[in-house]
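Take the sequence shown: its position 121, counting from 1, is numbered 121 in UniProt numbering, and each next residue is one higher. One structure is given here, and the rest of the page talks about it.
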Amino acid sequence: MIEMQDVWKTYPDGTHAIRGINLKVNANEFVYVVGPSGAGKSTFMKMIYREERPTKGQIFVNGFNLEKLKPRKIPYVRRNIGVIFQDFRLLPKLTVYENIAFAMEAIEAPKKLIKKRTMEVLELVKLKDKAASFPTQLSGGEQQRIAIARAIVNNPAVIIADEPTGNLDPETSWGIMNLLEEINYRGTTIIMATHNKEIVNTIRKRVIAIEHGQIARDQARGDYGYDD
Ligand code: ADP
Ligand code: ADP
Numbered sequence: 001m002i003e004m005q006d007v008w009k010t011y012p013d014g015t016h017a018i019r020g021i022n023l024k025v026n027a028n029e030f031v032y033v034v035g036p037s038g039a040g041k042s043t044f045m046k047m048i049y050r051e052e053r054p055t056k057g058q059i060f061v062n063g064f065n066l067e068k069l070k071p072r073k074i075p076y077v078r079r080n081i082g083v084i085f086q087d088f089r090l091l092p093k094l095t096v097y098e099n100i101a102f103a104m105e106a107i108e109a110p111k112k113l114i115k116k117r118t119m120e121v122l123e124l125v126k127l128k129d130k131a132a133s134f135p136t137q138l139s140g141g142e143q144q145r146i147a148i149a150r151a152i153v154n155n156p157a158v159i160i161a162d163e164p165t166g167n168l169d170p171e172t173s174w175g176i177m178n179l180l181e182e183i184n185y186r187g188t189t190i191i192m193a194t195h196n197k198e199i200v201n202t203i204r205k206r207v208i209a210i211e212h213g214q215i216a217r218d219q220a221r222g223d224y225g226y227d228d
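Structure representation (structure tokens):
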């Protein structure tokens, strides 16, 4: 599903963010990415959704080599990856419905399908009654559920979640985790960077620890392993 072969990333200012990562993630895995601030977690995630390009090495997502991708294949690969952020990143001037439908319009899905599928994912995240609301009218947890609905609306093979519970209280965070687990159970691979020790140590999954741009630890049913 995802493979990295000797991946390096040096930013233009000379910062060595990722230094020689080799990794395989199989379809349907749920992987936590942990590690200290500045270790390279976000850079690692950004390279998977092609927000950043590696300085060296190869990255494969769903069988496509991201470094040898023909331009016409880029939209296809993009729609196979849903991304969720700590700060939700919903469009404030669009309603909840429009925020989700927009992701389908972007890939030129048929209008009828857009309506059906948007309502379907709103149902899944249990926010059908908020379809006409604007993001600012929702709680943080509700906004994140909308962001998740948007991330899954095009049926991606992979969800990349960069600290999805970072701005949420513990109870709301458990609700978000239950939703991500359900999405994973339905067949979507999930890669989640997190500082949430309690979640990692309770809902046991594969844990990859990144330190100084390298994989310091890779455990099948791992623990958080840090004090913070
Ligand atoms: P983490 O997500 O683990 O906190 P990051 O991937 O954000 O780590 O950062 C890894 C290193 O790369 C840090 O030293 C950070 O300051 C640096 N870095 C991140 N983004 C950039 C950038 N756009 N330009 C230069 N350096 C960056
Ligand atoms: P609901 O959304 O059904 O009201 P939540 O999912 O928010 O409930 O969870 C309520 C409480 O149950 C949380 O505060 C948390 O302590 C606990 N909880 C929920 N899911 C888990 C889980 N997967 N592992 C451990 N505790 C959980």
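The beta carbon of each residue, even a glycine, is placed where N, CA and C say it ideally should be. Everything numeric in this text was worked out from a predicted model, so none of it was measured.
Three-state secondary structure (DSSP) of Ile176: Indexing the sequence shown from 1 puts residue 176 at position 176. If DSSP states are grouped into helix, strand and coil, Ile176 belongs with the helices.
Among Ile210, Asp169, Ile160 and Ile199, nearest to Glu29 - alpha-carbon criterion: Residue 29 sits at position 29 when you count from the first residue of the sequence shown. Checked all of Ile210, Asp169, Ile160 and Ile199; the closest Cα to Glu29 is Ile160.
Please list, in chain order, all residues of the same chain as Tyr11 whose beta carbon is under 7 Å from its beta carbon, the five residues on each side excluded. The residue labelled residue 11 in the question sits at position 11 within the sequence shown. Around Tyr11: Ala17.
Does DSSP put Gln219 in a helix, in a strand, or in coil? Within the sequence shown, residue 219 is the residue found at index 219, counting from 1. Gln219: strand per DSSP, three-state reduction.
Beta carbon of Ile215, beta carbon of Ile21: below 8 Å? As a first step, residue 215 is located in the sequence shown; it is residue number 215 there, counting from the start. As a first step, residue 21 is located in the sequence shown; it is residue number 21 there, counting from the start. Yes, they are a contact pair.
Given a cut-off of 8 Å on the beta-carbon distance, is the pair Ile203 and Val25 in contact? Counted from its first residue, the sequence shown places residue 203 at position 203. Counted from its first residue, the sequence shown places residue 25 at position 25. Result no, Cβ atoms of Ile203 and Val25 do not sit closer than 8 Å.
Is it buried or exposed for Tyr226, if we count other Cβ within 10 angstroms and need 16 for buried? The residue you call residue 226 lines up with position 226 of the sequence shown. Exposed is the call here.
Measuring from each Cβ to the nearest heavy atom of ligand 1, keep the ones under 6 Å and list them in chain order. Tyr11, Asp13, Thr15, Ala17, Gly35, Ser37, Gly38, Ala39, Gly40, Lys41, Ser42 and Thr43
Separation of Gly82 from Glu3, as counted between CA atoms: Taking the sequence shown and counting its residues from 1, the one referred to as residue 3 is at position 3. Taking the sequence shown and counting its residues from 1, the one referred to as residue 82 is at position 82. The alpha-carbon atoms of Glu3 and Gly82 are separated by roughly 17 Å.
Tell me the DSSP secondary structure of Gln144 in three-state form. Position 144 of the sequence shown, counted from the start, is the residue given in the question as residue 144. Here Gln144 sits in helix by DSSP.
Alpha helix (DSSP H) containing Thr118: first to last residue? The residue labelled residue 118 in the question sits at position 118 within the sequence shown. Unbroken alpha helix (DSSP H) run through Thr118: Lys111 to Leu124.
According to the Cβ coordinates, are Asn99 and Arg150 closer than 8 Å? One-based indexing of the sequence shown puts residue 99 at position 99. One-based indexing of the sequence shown puts residue 150 at position 150. Yes, they are a contact pair.
Please report the distance separating the alpha-carbon of Thr136 from that of Gln219. The count along the sequence shown starts at 1 and reaches residue 136 at position 136. The count along the sequence shown starts at 1 and reaches residue 219 at position 219. The straight-line gap separating the alpha-carbon atoms of Thr136 and Gln219 is approximately 39 Å.
Rounded to whole angstroms, how far is the Cβ of Ile107 from the Cβ of Pro75, which I believe are closer than 8 Å? Mapped onto the sequence shown, residue 107 falls at position 107. Mapped onto the sequence shown, residue 75 falls at position 75. With 8 Å as the limit, Ile107 and Pro75 qualify as a contact, their Cβ atoms being about 7 Å apart.
Taking all protein chains shown into account, do 16 or more other C-beta atoms lie within 10 angstroms of the C-beta of Thr15, making it buried, or fewer, making it exposed? In the sequence shown, residue 15 corresponds to position 15, counting from 1. Looking at its Cβ environment, which holds fewer than 16 other Cβ atoms inside 10 Å, Thr15 is exposed.
Going by the beta-carbon positions, is the gap between Asn80 and Ala157 smaller than 8 Å? Residue mapping note: residue 80 aligns to position 80 of the sequence shown, counting from 1. Residue mapping note: residue 157 aligns to position 157 of the sequence shown, counting from 1. Yes.
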